Amino acid sequence: MSVRSVASFLRAALGRLALGALLGLLLFAGETVWLLKAGVVGVDIPLDGPYAALAAAVRPLLPGVILRVASVYAVAGGLLGLAAALLASAWTRRGGWVSLAWMVPHWMGLLLFWAWDRALARPALFDDLPAVRPVLAWLVDHGEPWQARAAAGAWVAVHLAVLAWRGARGLRRFVASGGPAPLRAERAAWMVVAGVVGVLAVVVTVRRVGPSVRQPLVVLIGIDAFRPDRLGATGRGVAPQVERFLQDATLFTRAYTPVAQTEPAWRSLLTARWPYRTGVRYPLTPDARLVLAPTFAQRFADAGWRTVFATDCSRFHFEGPASGFATRWQPPRGAINFALEKLRYRALGLFADNPAGAAWVPEFIDNRALAGIHDPMGYARRLSDGLVAEAGEGPLLFAFHATAAHFPGDPVYPFYRRYVSSSEPLERRLRMHFAPVTPGAKGAWNRAGAEGLYDELLAQADAQVGALLDALRASGRYDDALIVLMSDHGESFHADRPDLAGATSVHGARLGDEENRILLAVKLPGGRGAGPAQVDALARLVDVGPTLLELSGLSSLPESDGASLGPLLRGEGRPLTPLYAETGYTHVVPEVFDPGHWPGAPRTFDAYRLRPDGVVEMGDDAGTAVLREKDTGAFDGERWVVDRPQADGTVRRTCTGDCEGADARALADWLDDATERAPESASRRVAGHVDDRNDSRPPGNVRPPQRLLRVWPGQPQGAAHPQPRGG
């Protein structure tokens, strides 16, 4: 091969590469114009009001982000251009504008085949484009992955067959003309190239041999909003990977969270303290309210362990240095993450959903907030590789929080066909939509459809969990690992309120089994048979950290509200300690469930503020109002005792379950003692004894004097017997 022919070949290749990159940038420009005209952030949220402030905050950050997005379009377009030029050469040998004219439709054809494949895999990538909805609806109902790939394969095969035929003819002519020496030189050059490619392939695929001595491994996997009734006979096969894991683990059938919202629940998990002691009482808690305290992750780090936390969504739950995890794989925090919902560049979902794309634009690819662009199963595979790699470096504590069941709630193939009826409108099958939680309001959902979508999303999270566990099995680390599988809270679909049928589901609004009961299972090193198959004793989320520390031989946390589950895992008993629980801050006003409830904090964007560094957090006034509106309660496995602040200044106490006898009274006293220690108790405190006219001490100085009202089953409402009371 002569130098001139090589130079000619390179010029032609660079020309096709440049044209493909130009087409990619034109596609980028078209999407940018569409996004600006749409004027929405995410789904049906106008770009004004508080979002205008978000836009102002992220504007300095956007140029760098946009340039990286544009580069993805350019690189992907250029590579498509090279492939299109190769295919187009099957039909023409002419150069110049003729070859370019043939290349463009082939470029478009490759793009359409790619989009077809991704539309089937993640239809939420295109569900907001009215023009493609009929095609998308057919794909959702009838499409299969092999269809797009078979069609693309057949199309490419025809081109390659023509190229092979033309190449064979040219080769025969070349040999007949007496040119074997140049042919041998060209063949030698291609052999060198093939050898280099082969060596690189070996380097890439050969895995590093791990150390001969197995290092300790602790894995904590949390599945957001997983309700335990999705297991077994009541679960309709939602979570086969979890069910498989439970064959090797001990299932705690009566496990509960102290607060049914992710950020405060995880802070209680990490510190083994009740929410009123952590300072994190609701989503987007200001850093200034955080009470610094040791975490179990810090204990592992202090002992020389590597500590890693990973999640694919951080809009309402972000772990910082105070978590104790030295390494944190999570999307960016704050306004930029909210604003990214606006930047739904679809070609990122086509071309960047791979390790290279995740490294270049991680805020898009490894970010669940971007419906359709984020590939949950690709993310799980990359995370699994990271887990196995980290486990080979030394003792490892690895925590992962799977958020598939959260907004935007877009199930991917094949999960979107499992539980939601095909008669439902397409938009209700592919994405969560908010519907008012207002009595009598006509919501966007029926309860069966809402629960069906929830189950599909749990199945998707289950598959992610399965990918991690399978990676541990394949690497030989599953059996010797200590693995905890849990959820942070449940989910309520208002089954007890027919007047709320069709309303958006909620967690953190009420205390009870639907929202506070969680999944909790522990697999001890050694696998099946290392512990009892099932434990029915009460377990709390705050018990997980002490359990991990004890089983790993590390020192316990100071001033812990949790206690190790080790005795129960050994088949022994342990003293009963109740659960303290409180409500969080949701999009539902508390009066919906309790008409006389204290009104509480505003349910608007005005409740939040934007820090100069772009972090979104709740404002001080709204945060104080949230603390005043909180229901607080105690649960001992037999009964719930719950206090609800009322609009008239009283605190209404209710009990459900077995509410008679010494155990019920002891639980009520325990709740009184717990709430007395809460920081906001001064604003809800009753002077002396309730209804004690002989006590002249003034009441608390924030709210009017309160009376404690007790409502037991079968007992009329009225003032309680005088007793000590603190909120």
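Residues are numbered in the working numbering as their position in the sequence shown, beginning at 1, plus a constant of 517.
Each residue gets a CB set at the ideal place from its N, CA and C atoms; glycine is no exception.
Nothing here was measured: the structure is a model prediction, and the numbers come from that model.
Counting along the chain, the unbroken alpha helix (DSSP H) around H659 starts and ends at 650-659. Shown here, G1083 sits in a helix according to DSSP, grouped into three states.
Runs of the alpha helix (DSSP H) lying entirely within the segment 921-994, each at least 4 residues long, are 943-947, 964-991 in chain order. For W846, the secondary structure class from DSSP, reduced to helix, strand or coil, is strand.
Here S1009 is bridged, per DSSP, to V1023. By the C-beta density criterion, T609 is exposed, having fewer than 16 other C-beta atoms within 10 angstroms.
Residue pairing of D1160 in beta bridges, as defined by DSSP: T1149, R1170. Taking C-beta atoms as the reference points, S840 and T812 count as a pair closer than 8 Å. Counted as a single uninterrupted DSSP element, the alpha helix (DSSP H) harbouring I853 occupies residues 852-856. The alpha-carbon separation between R863 and L642 amounts to approximately 6 Å. Contact between R798 and V1159 is ruled out by a C-beta separation of about 17 Å, above the 8 Å threshold. By a beta-carbon distance limit of 8 Å, W633 does not contact A601. Their separation comes to about 16 Å. Using a Cβ-Cβ distance cut-off of 8 Å, the segment 863-881 and the segment 936-948 are not in contact, since fewer than three pairs of beta carbons, one from each stretch, lie closer than that value.
Y1125: member of the beta strand (DSSP E) spanning 1125-1127, first to last residue. In the three-state reduction of the DSSP assignment, V878 falls in the coil class, being assigned neither a helical nor a strand state. Classified as buried, K1040 has 16 or more neighbouring CB atoms from the shown chains inside 10 Å of its CB. Three or more Cβ pairs closer than 8 Å define a contact, and the segment 534-549 meets that threshold against the segment 593-607. Between P953 and A1020, the beta carbon gap of about 6 Å places them in contact (Cβ cut-off 8 Å). The DSSP-derived three-state label of A742 is coil. Going by beta carbons, L1184 and T788 fall outside the 8 Å limit. For the pair M1003 and E1134, the Cα-to-Cα distance works out to about 27 Å. Nearest to G684 by alpha-carbon distance, out of R761, W619, S606, G895, is S606. Per the coordinates, the alpha-carbon of T824 lies some 8 Å from the alpha-carbon of Q815. When the five nearest sequence neighbours on each side are left out, the beta carbons in the same chain lying within less than 8 Å of the beta carbon of P956 are those of R1014, D1016, L1017, V1109, in order along the chain. Nearest in C-alpha terms to E1032, of all of T1100, A1056, W551, is T1100.
Taking a contact as a CB-CB distance under 8 Å, the pair L1093 and D1153 counts as one, their CB atoms being some 6 Å apart.
For T1103, the closest alpha carbon among the candidates R1128, F951, L604 is that of F951.
Scanning its chain for C-beta atoms nearer than 6 Å, with the 5 sequence neighbours on each side dropped, one finds around R845 the residues F826, E836, in chain order.
Within a 10 Å sphere around the beta-carbon of D1137 sit fewer than 16 other beta-carbons, which makes this residue exposed. Scanning V592, D819, R899 for the CA closest to the CA of Q981 turns up R899. A Cβ-Cβ distance of about 4 Å is found for the pair A921 and A978, placing them in contact under the 8 Å criterion. For A766, the three-state secondary structure derived from DSSP is coil.
Under the three-state reduction of DSSP, H1104 is assigned to coil, being neither helix nor strand.
Pairing I1000 with V736 gives a Cβ-Cβ distance under 8 Å. A1185: member of the alpha helix (DSSP H) spanning 1179-1193, first to last residue. In the DSSP assignment, L913 falls within the unbroken beta strand (DSSP E) covering 913-919.
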